[in-house]
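> Chains as they are written, first to last, in my numbering: chain Z, 514 to 1009; chain P, 8 to 510; chain L, 114 to 231.
(1) Hey, does residue 984 of chain Z have any beta-carbon neighbour from chain P nearer than 8 Å?
(2) For the stretch 814-838 of chain Z, enumerate the residues whose C-beta is nearer than 8 Å to any C-beta of chain P, in chain order.
(3) From P:357, P:225, P:55, pick the residue whose C-alpha is nearest to that of residue 368 of chain P; which is it?
(4) Counting only C-beta atoms, is residue 228 of chain L closer than 8 Å to chain Z at any point?
(5) Where do the N-terminal and C-terminal ends of the alpha helix (DSSP H) with residue 214 of chain P fall, by residue?
(6) Could you pull the start and end residues of the beta strand (DSSP E) that residue 79 of chain P belongs to?
(7) Shortest alpha-carbon distance to residue 876 of chain Z belongs to which of Z:670, Z:523, Z:655?
(8) Just to confirm, is the Cβ distance from residue 521 of chain P to residue 314 of chain P under 8 Å?
(9) Which residues in chain P sit within 8 Å of residue 918 of chain Z, going by Cβ to Cβ distance?
(10) Below 7 Å CB to CB, which residues in the same chain sit around residue 24 of chain P once its five sequence neighbours on both sides are set aside?
(11) Between which two residues does the alpha helix (DSSP H) holding residue 515 of chain Z run?
(12) Below 9 Å on C-beta distance, what does residue 662 of chain Z contact in chain L?
(13) For chain L, find out if any of its Cβ atoms is closer than 8 Å to the Cβ of residue 622 of chain Z; answer yes or no.
(14) Measure the C-alpha to C-alpha separation of residue 786 of chain Z and residue 795 of chain Z and round it to an integer number of angstroms.
(15) Counting C-beta neighbours from all protein chains within 10 Å, is the total for residue 33 of chain P 16 or more, i.e. buried, or is it exposed?
(16) Are the C-beta of residue 193 of chain L and some C-beta of chain Z separated by less than 8 Å?
(17) Please report the distance separating the alpha-carbon of residue 118 of chain L from that of residue 126 of chain L.
(18) Leaving aside the five residues before and after residue 221 of chain L along the sequence, list all residues of the same chain whose C-beta is less than 7 Å from its C-beta, in chain order.
(19) Is residue 533 of chain Z close to chain P? Criterion is C-beta to C-beta, closer than 8 Å.
(20) Strictly below 8 Å CB to CB, what residues from chain L border residue 880 of chain Z?
(21) Around the Cβ of residue 115 of chain P, are there at least 16 other Cβ atoms within 10 angstroms (buried) or fewer (exposed)?
(22) DSSP state of residue 161 of chain P, grouped into three classes?
(23) Quick check on residue 524 of chain Z - is its C-beta less than 8 Å from some C-beta in chain C?
(24) Using a Cβ-Cβ distance cut-off of 8 Å, determine whether residue 671 of chain Z contacts chain L.
(25) Got a sec? Which residues, its chain only, sit under 6 Å from residue 658 of chain Z by beta carbon, not counting five neighbours each side?
(26) In three-state terms, what does DSSP make of residue 875 of chain Z?
(27) With 8 Å as the limit, tell me which residues of the stretch 156-180 of chain L have their beta carbon closer than that to any beta carbon of chain Z; keep them in chain order.
(28) From what residue to what residue does the beta strand (DSSP E) around residue 587 of chain Z run?
(29) Report back the beta-carbon spacing between residue 150 of chain P and residue 256 of chain P to the nearest angstrom; my notes put them in contact at under 8 Å.
(30) State yes or no: is the C-beta of residue 913 of chain Z within less than 8 Å of the C-beta of residue 850 of chain Z?
(31) Using only the alpha-carbon positions, how far apart do residue 424 of chain P and residue 282 of chain P sit?
(32) Examine the Cβ distances between the stretch 145-159 of chain P and the stretch 90-109 of chain P and report whether three or more of them are shorter than 8 Å.
(33) Return the residues of the stretch 593-626 of chain Z that lie within a Cβ-Cβ distance of less than 9 Å from chain L, sorted by chain order.
(34) Give me the Cβ distance between residue 81 of chain P and residue 189 of chain P, rounded to the nearest whole Å; I'm assuming they're in contact under 8 Å.
(35) DSSP on residue 572 of chain Z, reduced to helix/strand/coil?
(36) If you pair each beta-carbon of the stretch 820-840 of chain Z with each one of the stretch 740-749 of chain Z, do three or more pairs fall below 8 Å?
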């Protein structure tokens, strides 16, 4: 019986847990509730994915109202895949966070607010993925956005506040553009249901209104997913937020926006209109390439390692968008699998930075001297994530690069292939900077309480789960690239 | 042991050894014993595969499907068998040598050294037995990464900078050229398997073949084709056992082995021979051979001279591959073994001289043959093998390479081989001559001058034998004898390798 | 000509949207930016609501004698969007209050100057 309602439970569990945190106040109870809620959410998403793999897409009517008048929740291969990623990261970071925020958020009596916002953000992200209604997307988008502004502003550095404010302004502009796009599409077709819209849109697709709606949607989604040059909010937001928040957002928020890109342009508009008529790839491909190269270059010169990783994220988003802009099975597979792989990699890297903040209090590169010796497990996790960013075989990063280069070569775009590989070398430069400082320099003398020790197990274990995943999914890709390929084929309407 | 199990064991055993080394770090003798026993066991396992390969079987093992249609898989064929035997056999010798060197020199961080060594050997086994380009690339990169801590062992500023050059060139070439070539090959041929006769015939235009060949040749940075050779002299900052590993046991051999394997099993000898599309590569290799030898002549630091000698010798193998004739390919493949034994002897001697007499520059090595006779005799034997004179193994590989050049119709290259042999004499023999025929510094003072008594005493001292540690001598003696033995066993090598050119 | 004037609702939307956008971009004062954002969002609300009106339609409550009704859906959607807008403004103002506590100012150039000095 409960299996029938899994789609709504996917949203309800974190949604109800959030105000419960507000009511409970007690730090231990709130932490336990949050961790339990996120793991239950993860279990639900795994169950949904398994059902979709066996039986095909699931359609759920909210309140029993049939679409297109009622709101429909739809889980197909792509949404199931992203659901598993987001809820998995949500659960892991929630488990990791209590120890970290005991140091980064000094006012213990306020921790219930942190978990409330965290659960709301998770609700919003999951809602975006699972819903089949356009306006519902906007609502959940704003839910996740508002709670992420709050989460970011909790950072210790006062620049977290201005970073959150900038993100608020830019994010709201983006969401409003998306709303305009949705509105214009509604005006032309009279429906908000994505599947229905896809059918009805074909009749009016060449009108100016629809083309303008298309434009607004692209710009809005690009703002949200930090595609160059609309990425300016990201580096500061990731650098100054609390470590748990950065780890969670870096692995999920932008990925969900990439998912939105796929939904809007492949499912609603149809890739024929988006790529053949509107030539979307002329817009996406150059921006993605410029983003990849410039963001990687800027990352090399950063001394704040969190900021360096943030710029690295902008570059990685570029890879995903590049894969999508090929609009071929290989390209989309590369983009979608990189969505998953990057989530794993970046979360592991930011969790490692969180461990370093926990012990050293800073993420400046000078503070990382000798950490290879004093915090071996943390640095080993950082190196593993770094190797994955570079794209060393047996890590997930290699799989993504493989598909992207293959897609580029299949279309004869060998300069793009060369650029993709060249940027891997840039990643090697900025990762190796950190490796050299950590392993070749002597640990800096710490006055006072004693030397730096390894991070506690409660921080190491969730991080190492991700590291193991980085290697596991780098060696057997049936569940990542295999599913991504099925999703790509279904988006392109290619019979499997 | 059935062949598939042997393959898995060969790759996994050194990793187990590495774990044992780390576990036994507090008991140095036990730790070293673990390395030696693992090495011996590995050689035995690899040797057990030899009869299968000699009889024409190709033992296989498939590990895991990485992406749809692309497996991490192993398949042992004669070339890989040769490389695996060389690497596993020389691991034992190098470990013996390391025990003497690292202790004699009181090096720090020995556990990390032995552990990384073991991991590098495991990667080398993976490269040797790879069944397709994906597996080869995977273990090739693991080899690069696992040897980085070895190259930067001393952790000084110089080591750090050398590490940057090492990693920069090797990672750079492998990602920018080799990976591109591999994925391109996959899109052309639909597979990455190594197959006799190659997979590209009929799947690619001529210009594509040329570009691919260039990408593969330069992408295999470990083969040190100019201009991507700088990492090898840079890596000399490492302790000598690491240099021995790099130059003889694993790293460069993995590079040229990969080039040879790709030429034979991806392009196919016939394709290249009939179209003549690899002639340009012969000349690039020839240029490297001569240029590197010339640079070697200018180097006073012994290890630097040997490094450039290696760059030159590696291009012999690339030359053999590029010739795309039976004799050329066979000669090049045999040279993998011949050069390994010759060069490792020379490096062992260089390290022994450093440990025993603290000398690194050739100009300081006058008369050292008297204080270190065993070492310098071994050096002489190794030099003969590199130069290519009988009765050393190197003579055979040079012979076949010359034959291959004639078969390919490139008589200029025979000249190149001759000139390079002369250059080898020019940069190796003076070292031997200086060691044996010149007097040590201080012994040339006029005996009639006042205070001559002290000088004579000094002369006496300098003729006392002060050899390298015992373990070092055992190692270099073994490899020197190996050079000699290979001369007589060359026929066995030839029989093993023939199926490559005549499937 | 008449048609252009007849589309006056869209003109209002455009004018408000650009006004709001301009304020967000051009004004330094953080609260003014929030106001600009609010105006920008309001223009979108007007876009939705104004297209809900059907010519000759009455209020969307079923009653005898009427056959043409205005579309209720846009109004409902906008109610949601207004709530979202209010929440956004609230969070933004909360952030501005905190920024004022930390920096002592709410002028953007002054904040950047303080950050650059630090």
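Glycine included, every Cβ here is placed at the ideal spot set by N, Cα and C.
On the basis of the data shown:
(1) Residue 984 of chain Z sits at position 471 when you count from the first residue of the first chain. Not an interface residue.
(2) none
(3) Start at 1 with the first residue of the second chain, and residue 368 of chain P comes out as number 361. Considering only alpha carbons, the answer is P:357.
(4) Taking the third chain and counting its residues from 1, the one referred to as residue 228 of chain L is at position 115. For residue 228 of chain L, the answer is yes, since a Cβ of chain Z falls inside 8 Å of its Cβ.
(5) Here residue 214 of chain P refers to the residue found at position 207 when the second chain is read from its first residue. Here the alpha helix (DSSP H) through residue 214 of chain P covers 213-226.
(6) As a working mapping, residue 79 of chain P is identified with position 72 in the second chain. From DSSP, the beta strand (DSSP E) with residue 79 of chain P extends over 77-82.
(7) As a working mapping, residue 876 of chain Z is identified with position 363 in the first chain. Ranking Z:670, Z:523, Z:655 by Cα distance to residue 876 of chain Z puts Z:670 first.
(8) The shown model of chain P, from 8 to 510, leaves out residue 521 of chain P, and the question about it has no answer.
(9) Here the question's residue 918 of chain Z lines up with position 405 in the first chain. Under the 8 Å cutoff, chain P gives 186, 187, 190.
(10) Residue numbering aside, residue 24 of chain P sits at position 17 when the second chain is read from its first letter. Contacts found: 41, 42, 45, 125.
(11) Position 2 of the first chain, counted from the first residue, corresponds to residue 515 of chain Z. It is not in any alpha helix (DSSP H) - residue 515 of chain Z carries neither H nor E in the DSSP assignment.
(12) Taking the first chain and counting its residues from 1, the one referred to as residue 662 of chain Z is at position 149. The contacting residues are 201, 204, 205, 208.
(13) Numbered from 1 along the first chain, position 109 holds the residue referred to as residue 622 of chain Z. Answer no: the Cβ-Cβ gap between residue 622 of chain Z and chain L never drops below 8 Å.
(14) As a first step, residue 786 of chain Z must be located in the first chain, where it is residue number 273. As a first step, residue 795 of chain Z must be located in the first chain, where it is residue number 282. Using only the alpha carbons, I get a separation of about 14 Å.
(15) As a position in the second chain, residue 33 of chain P is number 26, starting the count at 1. Residue 33 of chain P should be labelled exposed.
(16) The residue given as residue 193 of chain L occupies position 80 in the third chain. Interface residue (Cβ-Cβ distance to chain Z less than 8 Å): residue 193 of chain L is classified as such.
(17) Residue mapping note: residue 118 of chain L aligns to position 5 of the third chain, counting from 1. Residue mapping note: residue 126 of chain L aligns to position 13 of the third chain, counting from 1. Rounded to whole angstroms, residue 118 of chain L to residue 126 of chain L spans 13 Å at the Cα level.
(18) For the purposes of this step, residue 221 of chain L is taken as residue 108 along the third chain, with counting starting at 1. Excluding sequence neighbours, residue 221 of chain L sits near 141, 143.
(19) Counting from 1 along the first chain, the entry for residue 533 of chain Z is found at position 20. Interface with chain P (8 Å Cβ-Cβ cutoff): residue 533 of chain Z is excluded.
(20) The residue labelled residue 880 of chain Z in the question sits at position 367 within the first chain. Here the premise fails: no neighbours, minimum Cβ distance about 17 Å.
(21) Counting from one through the second chain, the residue named residue 115 of chain P turns up at place 108. Residue 115 of chain P is exposed by the Cβ-count criterion.
(22) Start at 1 with the first residue of the second chain, and residue 161 of chain P comes out as number 154. Here residue 161 of chain P sits in coil by DSSP.
(23) As a matter of chain content, chain C is missing from the structure shown, whose protein chains are Z, P and L.
(24) In the first chain, residue 671 of chain Z corresponds to position 158, counting from 1. Judged by the 8 Å Cβ criterion, residue 671 of chain Z is in contact with chain L.
(25) On the first chain, position 145 is the one that residue 658 of chain Z refers to. 684, listed in sequence order.
(26) As a first step, residue 875 of chain Z is located in the first chain; it is residue number 362 there, counting from the start. Residue 875 of chain Z: coil per DSSP, three-state reduction.
(27) 157, 160, 161, 164
(28) Here residue 587 of chain Z corresponds to residue number 74 of the first chain, with the count starting at 1. Counting along the chain, the beta strand (DSSP E) containing residue 587 of chain Z begins and ends at 585-588.
(29) Translated into positions along the second chain, residue 150 of chain P becomes position 143. Translated into positions along the second chain, residue 256 of chain P becomes position 249. The Cβ separation is near 11 Å, so there is no contact.
(30) In the first chain, residue 913 of chain Z corresponds to position 400, counting from 1. In the first chain, residue 850 of chain Z corresponds to position 337, counting from 1. Contact flag set, yes.
(31) Numbered from its first residue, the second chain carries residue 424 of chain P at position 417. Numbered from its first residue, the second chain carries residue 282 of chain P at position 275. Going from the Cα of residue 424 of chain P to the Cα of residue 282 of chain P covers about 24 Å.
(32) no
(33) none
(34) As a working mapping, residue 81 of chain P is identified with position 74 in the second chain. As a working mapping, residue 189 of chain P is identified with position 182 in the second chain. Their Cβ separation, rounded to whole angstroms, is 17 Å, which puts residue 81 of chain P and residue 189 of chain P out of contact at 8 Å.
(35) Position 59 of the first chain, counted from the start, is the residue given in the question as residue 572 of chain Z. Note: residue 572 of chain Z maps to strand in three-state DSSP.
(36) yes
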